[in-house]
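Everything on this sheet refers to the single structure shown next.
Number of protein chains: 2
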Amino acid sequence: MDLIHTDPRPGAFASRRGDAAAKREAVLKTAAQLFLEKSYGRTSLNDVADRLSVTKPALYRYFRNKEEILLECYRVGVGLIGSALDDIAPRCGTGLERVEAFILAYANAMTVNFGRCVMRLDEGDLSEDARGEVRAYKRKLDRRLRSFIQQGIEEGSIARCDPKIAAFAIAGALNWICMWYRPDGALSPQEIASQFAGVLTRGLAAGESRRVVRKSTNSDSGKVDGRRFVKKDTNNRHRNHSLLYQEPHE
Amino acid sequence: MDLIHTDPRPGAFASRRGDAAAKREAVLKTAAQLFLEKSYGRTSLNDVADRLSVTKPALYRYFRNKEEILLECYRVGVGLIGSALDDIAPRCGTGLERVEAFILAYANAMTVNFGRCVMRLDEGDLSEDARGEVRAYKRKLDRRLRSFIQQGIEEGSIARCDPKIAAFAIAGALNWICMWYRPDGALSPQEIASQFAGVLTRGLAAGESRRVVRKSTNSDSGKVDGRRFVKKDTNNRHRNHSLLYQEPHE
DNA sequence: CCGGTATGTTACCCGTGGGTAACATAGCAG
DNA sequence: CTGCTATGTTACCCACGGGTAACATACCGG
Chain A
-11 MDLIHTDPRP GAFASRRGDA AAKREAVLKT AAQLFLEKSY GRTSLNDVAD
39 RLSVTKPALY RYFRNKEEIL LECYRVGVGL IGSALDDIAP RCGTGLERVE
89 AFILAYANAM TVNFGRCVMR LDEGDLSEDA RGEVRAYKRK LDRRLRSFIQ
139 QGIEEGSIAR CDPKIAAFAI AGALNWICMW YRPDGALSPQ EIASQFAGVL
189 TRGLAAGESR RVVRKSTNSD SGKVDGRRFV KKDTNNRHRN HSLLYQEPHE
Chain B
-11 MDLIHTDPRP GAFASRRGDA AAKREAVLKT AAQLFLEKSY GRTSLNDVAD
39 RLSVTKPALY RYFRNKEEIL LECYRVGVGL IGSALDDIAP RCGTGLERVE
89 AFILAYANAM TVNFGRCVMR LDEGDLSEDA RGEVRAYKRK LDRRLRSFIQ
139 QGIEEGSIAR CDPKIAAFAI AGALNWICMW YRPDGALSPQ EIASQFAGVL
189 TRGLAAGESR RVVRKSTNSD SGKVDGRRFV KKDTNNRHRN HSLLYQEPHE
């Protein structure tokens, strides 16, 4: 049973003497949902408690304070992204292939609630120490991507460019996913991931002869990091005519 | 004299009977600065007043309430971006060229405080009506970009792809600029813009023969939309070894 | 020099939300 | 059944920040 990708169980607080870990998890998940819906600042602990049909002080049995909930969201999300990326370095050969794998894995993580939290919530709401922890992690992510690019340039699979700026561009495109992605939207995570990989590695420009943008019929579709993907709207795609920034949730 | 790109004049509130418009402008600019430094939610009107060496109620002579300040930031930023983009459609030919021009102009706008406000501040802090206004504008931006891509695909200058997702990728990369760009950082706006244009249109992959990434020695450097760019750090670039998400301001 | 007015300030109200102490009870052990 | 303890609830405190009313004064015209 997956503890990260599923929604919070509504009856977690049904019985009084119940699994404490399960309750803590339910608190965390509903908090993450609300943080994504309304932002951390506009979410009160009463909101979280209400959605769980409890009262605010009950939450303090599972978390020391509001910030600890936020930090835990970051930690879970960071773990999620980390484990998604961990196995790409050994599996791939060229720098370009590694970047492509990075894009696929990262885009996917950006469609999971906790993953979205990592890039969408505001570090400014964390204490000094916690912020340092999160930043250190993000730095590691960036270094990884940049080293892939660097490697690709050296070996010739990637065009000469400033690896730092290129990494900013790719990471930006990926990070922004968490701003517009909706779980119930028309675009499936793997569709997004494969299209992003195409645009970012091969660019928009029509190469002389090469490339027909590969339709998402790759063999690795169907399941990624334990979550099942649904092929939604295969015939009538792109119904959701939104944009740079989409209507907010709820 | 440019009213948008300059910093707020410190002595704006020096004399009591002074230019009211100038004071209003000073309030707006310092507010925008603080919103970018600490976020809207963590910026109190006392903070704004303190930086201007006045007291909170004085601000209410120039704005009805806090939200009106925020909305005005959006409006100025939106105007900024809009006018930067307005003259690219006529000037360029192919869809690909238009997209490239879009990237250059937009990236540039994302390095101006008010431009950054548009994508970085949280629409959730606006009232229903104001949010609608801002969203309508962002929708227009997105439609413009998407139509350029569409045009490029039809005429063959852009590779076949999903224009919607491609637009998301490009807009995401560009929007994210406002999250890491620092006016006093090592990267100059036009350097960022031209590198972004390269990566996004031609992609990372090394084409068989083509391309050496054009260094930013283009003729249009030096001045863009009225602001003078300084060539910083030309010899020792890329000193700032940050990442996916950079240290916050201040 | 003298009012009058635009501009700012001091002092305050009040809603909101994080956090806590004291109390209530569900559910198990014996 | 009896009481003990983990779990929740009620009732509260307090800081903070948006917003306002009433007062003070700098500057201008006359």
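Listed in order, the protein sequences are those of chains A and B.
Numbering-wise, the numbering used here puts 77 at position 89 of the first sequence, and it's gapless, one number per residue.
Numbering-wise, the numbering used here puts 94 at position 106 of the second sequence, and it's gapless, one number per residue.
Note that the Cβ used here is the ideal one computed from N, Cα and C, for glycine as well.
- For B/D150, the closest Cβ of chain A is nearer than 7 Å.
- Look at A/A8 here: in three-state DSSP terms it is helix.
- DSSP places A/A174 outside both helix and strand once states are collapsed to three, so it counts as coil.
- For A/R148, no alpha helix (DSSP H) run applies, since DSSP gives it neither H nor E.
- A/G112 is a Cβ neighbour of B/S27, given a cutoff of 7 Å.
- DSSP places A/A89 in the uninterrupted alpha helix (DSSP H) bounded by 83 to 97.
- Interface residue (Cβ-Cβ distance to chain A less than 7 Å): B/G70 is not classified as such.
- In the three-state reduction of the DSSP assignment, B/A118 falls in the helix class, which pools H, G and I.
- Per DSSP, the unbroken alpha helix (DSSP H) holding B/A72 starts and ends at 54 to 74.
- For the pair B/Y169 and A/I153, the Cα-to-Cα distance works out to about 11 Å.
- Secondary structure at B/A2: coil, using DSSP grouped into helix, strand and coil.
- Under the three-state reduction of DSSP output, B/A194 falls in the coil class, being neither helix nor strand.
- Straight-line spacing of the CA atoms in B/R(-3) and B/A14 works out to 6 Å.
- Among the residues facing chain B, A/N163 is included, as its CB has a counterpart in that chain under 7 Å away.
- Annotated as distal: B/A37 and B/T31, with beta-carbon spacing of 7 Å or more.
- The region 136 to 154 of chain A makes no contact with the region 155 to 170 of chain B: fewer than 3 CB pairs, one atom from each, lie closer than 8 Å.
- Using a 10 angstroms sphere on the CB of B/G120, the tally of other CB atoms stays under 16, which defines it as exposed.
- Listed by position along chain B, the residues whose Cβ is nearer than 9 Å to that of A/S145 are L192, A193, A194.
- Only those residues of the region 23 to 42 of chain B whose C-beta falls short of 7 Å from the nearest C-beta of chain A are listed: K26, S27, G29, R30.
- By the rule that beta-carbons nearer than 7 Å mark a contact, B/A157 touches chain A.
- At least one CB atom of chain B sits nearer than 7 Å to the CB of A/V187.
- Taking a beta-carbon distance threshold of 7 Å, A/A154 counts as an interface residue toward chain B.
- Annotated three-state conformation of B/G29 is coil, per DSSP.
- Chain A places a beta carbon closer than 7 Å to that of B/F184, counting this residue as a contact.
- Contact annotation: A/T189 and B/L192 have beta-carbon atoms nearer than 7 Å.
- Under the 10 Å beta carbon count, B/T(-6) is surrounded by fewer than 16 other beta carbons and is classified as exposed.
- A Cβ-Cβ contact shorter than 7 Å links A/A93 with A/A72.
- The shortest C-alpha to C-alpha distance from B/C80 to any of B/Y50, B/S145, B/N34 is the one to B/S145.
- Residues E55 of the same chain have their beta carbon placed closer than 7 Å to that of A/S115, with the five preceding and five following residues left out of the count.
- Using beta-carbon distances, B/G112 counts as an interface residue toward chain A, with a partner under 7 Å.
- Proximity of chain A to B/L84 at the Cβ level (cut-off 9 Å) is accounted for by L192, A193, A194, in chain order.
- Rounded to whole angstroms, the Cβ separation of B/V87 and B/G140 is 6 Å, and the two are in contact under 8 Å.
- When C-alpha distances from B/L175 are compared across A/I180, A/F156, A/V100, A/G70, the shortest belongs to A/F156.
- For B/F102, the enclosing alpha helix (DSSP H) stretches over residues 101 to 108.
- In this structure, the CA atom of B/A147 is about 24 Å from the CA atom of B/I180.
- Distances from the CA of A/P78 to each of A/C149, A/R132, A/S41, A/S182 were compared; the closest alpha carbon is that of A/R132.
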